[in-house]
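Numbering (the working numbering), first residue to last: 6 to 223.
Backbone N, C-alpha and C fix where the C-beta goes; we use that ideal spot for every residue, glycine too.
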Amino acid sequence: MTYAVAPDACLIFLVRHAATLHNLARPPRIQGCGEDPPLSDAGRAQASCAARLLARQPITAVYASPLQRALETASIIAQPHALAATTVAALHEVDVGDWEGRSWEEIERDDPAAYARFLDDPAQCGYAGGENLQQVQQRTLPALRVLAQQDLGQLVLIVGHNVVNRVLLATWLGIPLARARGIDQDNGGVNVIRYSQDQFKVLTVNSAFHLYDAAEPQ
């Protein structure tokens with residue numbers, strides 16, 4: 006199916022960037038805005054799967070975080086539409102501060118007090134030396150509203166990050182930010198949001214069925 010958009014609405018495909026080697030590591034390594042790795046081979050396959058899923062949708066604009074993994078994902082998905090991705094600085098991933106490039110196991114072992122505070126309330130007690138989720142909300146929500154308002158009557162693609170997408174979805178779903186980490190966001194997963202009359206409504210969360218053929222490019 007293809008989506009039709011009312012003149013006074015904006016439909017948004019909000020996608021998490023595809024996988025980097027940090028995402029695929031076992032255990033995964035935390036990557037915020039302090040490191041800027043490219044997509045892995047598996048990540049490029051995931052982005053291609055998302056591109057095939059959205060190829061028939063009448064996307065008219067593509068936006069992305071300026072980080073390489075998001076911009077590369079957006080560019081792959083945009084190819085069937087002959088569009089270039091526009092970067093939006095406010096959509097960069099959370100600043101994870103001192104925890105950049107580390108695993109959660111290492112953080113729990115080496116920084117147990119800060120780790121416990123973060124788990125208890127990441128909305129207020131953020132990543133050590135970095136942002137909390139409330140700060141992420143304060144910089145990303147206005148940017149999304151501007152994009153939606155300028156693209157009324159259109160269908161747009163926005164490629165963000167795990168924490169950024171979780172914070173936005175939690176806000177729109179009425180979930181406390183302290184629980185936002187419970188919202189799944191697969192690499193290459195697609196969320197569908199409708200903006201109308203200054204309100205965001207979440208239609209789909211983390212659609213990921215298209216990723217199952219990531220190992221079998223067509």
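(Q) Could you give the first and the last residue of the continuous beta strand (DSSP E) run that contains residue 204? (A) 204-212
Q. Nearest chain D C-beta to residue 176 closer than 8 Å, yes or no?
A. No chain D is part of this structure, which consists of one protein chain only.
Q.
I need the straight-line Cα distance from residue 153 to residue 94, nearest angstrom please.
A. 16 Å
Q) Considering only C-alpha positions, which residue in the set 128, 106, 132 is nearest to residue 118? A) 132
Q. Three or more C-beta pairs closer than 8 Å, one from the segment 154-169 and one from the segment 11-19: is that the case here?
A. yes
**Q.** Euclidean distance between Cα positions of residue 65 and residue 112
**A.** 42 Å
Q.
Helix, strand or coil, according to DSSP, for residue 8 in the structure here?
A. The answer is coil: DSSP assigns residue 8 none of H, G, I, E or B.
Q. With distances taken between CB atoms, is the gap from residue 101 to residue 39 smaller than 8 Å?
A. Contact: yes.
Q: Please list the segments of the beta strand (DSSP E) lying wholly inside the segment 167-208, counting only runs of 3 or more residues, in order along the chain.
A: If we require 3 residues or more, the beta strand (DSSP E) runs fully inside the segment 167-208 come out as 195-201.
Q: Could you tell me if residue 167 is buried or exposed, where buried requires 16 or more neighbouring beta carbons within 10 angstroms of its beta carbon?
A: buried
Q: Alpha carbon to alpha carbon, how far is residue 114 from residue 62? Give it in angstroms, no decimals.
A: 46 Å
Q.
Short of 8 Å in beta carbon distance, which residues of its chain neighbour residue 207, apart from the five on each side in sequence? Order them along the chain.
A. 174, 177, 178, 196, 197, 198
Q: Compute the distance between the beta-carbons of residue 194 and residue 21, then report whether it is under 8 Å.
A: The Cβ atoms of residue 194 and residue 21 sit closer than 8 Å to each other.
Q) From what residue to what residue does the beta strand (DSSP E) around residue 68 run? A) 64-69
Q) For residue 19, which residues does DSSP report across the bridge? A) 163, 196
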